[in-house]
Amino acid sequence: MIEALRKKAEELLKNKTVDVVYGYGEGSVPERTRPVFITKPEDVNKLTWNKYCVYNLTTYLKKQEARKLGKPAIVVKGCDAKTITVLIKESQLKREDIYIIGVTCTGIGDPPATKCEACDVNTPLIYDELIGEKIENKEFSFDERYAELDEYEKLSEKEKWEFWQKQFEKCIKCYACSSICPLCFCDRCIVDKNQPQWIDPSAHPRGNLSWNVTRAYHLAGRCINCEECQRVCPADIPLNLLNKKLAKETEKNFKYRSGYNADDELAMATYKEDDSEEIFK
Numbered sequence: 001m002i003e004a005l006r007k008k009a010e011e012l013l014k015n016k017t018v019d020v021v022y023g024y025g026e027g028s029v030p031e032r033t034r035p036v037f038i039t040k041p042e043d044v045n046k047l048t049w050n051k052y053c054v055y056n057l058t059t060y061l062k063k064q065e066a067r068k069l070g071k072p073a074i075v076v077k078g079c080d081a082k083t084i085t086v087l088i089k090e091s092q093l094k095r096e097d098i099y100i101i102g103v104t105c106t107g108i109g110d111p112p113a114t115k116c117e118a119c120d121v122n123t124p125l126i127y128d129e130l131i132g133e134k135i136e137n138k139e140f141s142f143d144e145r146y147a148e149l150d151e152y153e154k155l156s157e158k159e160k161w162e163f164w165q166k167q168f169e170k171c172i173k174c175y176a177c178s179s180i181c182p183l184c185f186c187d188r189c190i191v192d193k194n195q196p197q198w199i200d201p202s203a204h205p206r207g208n209l210s211w212n213v214t215r216a217y218h219l220a221g222r223c224i225n226c227e228e229c230q231r232v233c234p235a236d237i238p239l240n241l242l243n244k245k246l247a248k249e250t251e252k253n254f255k256y257r258s259g260y261n262a263d264d265e266l267a268m269a270t271y272k273e274d275d276s277e278e279i280f281k
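The C-terminal position of the sequence shown is numbered 281 in the UniProt record's numbering, with every residue numbered one higher than the one before it.
As structure tokens, this is what we get:
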């Protein structure tokens, strides 16, 4: 797969199809990779692919520093590719402005990440070139998709509240979660606004709760479960548990799954008279 990836990247750069390739390179320590930006055909040997390619590189599609490099080709796993679908639907990206190199994936991380346990996009749903032998995507039931919530949902309302209070007390307001998230793309985040000031930027229980809950709501019906926010959190807050719960409620009440179908209407931007009212009870 690595040689096929490098060959395709070299071809795209030589033919001027793209100006830059966003991909994965070897890290500075074993069992680590890092994002690389290849602009010269002779540098494609810096590209690699293995189970440690954990990053969702689509986050660089929102960064001006990367955009200045020109039209990109981007290496994506199936979960990452769902982000591109959302960005296109939200008018943050035009399909013709990006070349997608999809890679088949059977799980990343060692041990594999939680998201890989019920992965139904081993082969990306959207790509221009596929690297690796195509894998038939599995189908999971509603309950199987959200099995990681089983223990959490056994808790009482009081226990859930105490659980999140305890978790958010650990937050140091580093904003790594929003920086890594490809779907946090506001020019000015709500925590940066001070006229009026909606969220206290200091790290204390009240401000931490406001920040984490607000961010979760902003991702409701949008999060594609890449788990990058949880991976980079230095306080080990289980952020994806919250995101997964909102995804479950969105699918349950609005029959919508983020990133799967470019033709679906956005759940939180579409009103239907027959929408379920259960979510408001």
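A virtual CB, placed ideally from N, CA and C, is assigned to each residue, including glycine.
The structure presented is a predicted model; accordingly, all values stated were derived computationally and were not measured.
Might you give, ordered along the chain, the residues of its own chain that have their beta carbon closer than 7 angstroms to the beta carbon of Gln167, omitting 5 neighbours on each side? Excluding positions up to five away in sequence, the list reads Ile237, Pro238.
Extent of the continuous beta strand (DSSP E) to which Ala73 belongs: 72 to 76 is the span of the beta strand (DSSP E), which, as asked, contains Ala73.
Let's test the definition: count the other Cβ atoms within 10 Å of the Cβ of Leu155 and tell me whether it reaches 16, buried, or not, exposed. Around the CB of Leu155, fewer than 16 other CB atoms lie within 10 Å, so the residue is classed as exposed.
Counting only runs that start and end within the region 203 to 232, where is the alpha helix (DSSP H) found for 4 or more residues in a row? If only complete runs of 4 or more residues are kept, the region 203 to 232 shows the alpha helix (DSSP H) at 205 to 219, 228 to 232, in order along the chain.
Reference Leu266, options Leu219, Ala9, Leu12, Ala235, closest by Cα: The residue from Leu219, Ala9, Leu12, Ala235 with its alpha-carbon nearest to that of Leu266 is Leu219.
Measure the alpha-carbon distance for Asp110 versus Gly27 and round it to whole angstroms. Taking the straight line from one Cα to the other gives about 15 angstroms.
Tyr152 lies in the alpha helix (DSSP H); which residues open and close that run? Per DSSP, the unbroken alpha helix (DSSP H) holding Tyr152 starts and ends at 150 to 153.
Sort out for me which residues DSSP pairs Leu130 with in a bridge. Bridge partners of Leu130: Gly102.
Evaluate contact between the region 63 to 77 and the region 91 to 104, counting only Cβ atoms and requiring at least three cross-stretch pairs below 8 angstroms. In the pairwise beta carbon analysis, the region 63 to 77 is classified as touching the region 91 to 104: at least three pairs are separated by under 8 angstroms.
To the nearest whole angstrom, what separates the beta carbons of Asn225 and Lys244, a pair I think is in contact under 8 angstroms? Going by Cβ atoms, the distance from Asn225 to Lys244 rounds to 7 angstroms, so yes, they are a contact pair.
How many Å lie between Glu65 and Cys53 at the Cα? Rounded to the nearest angstrom, the two C-alpha atoms are 22 angstroms apart.
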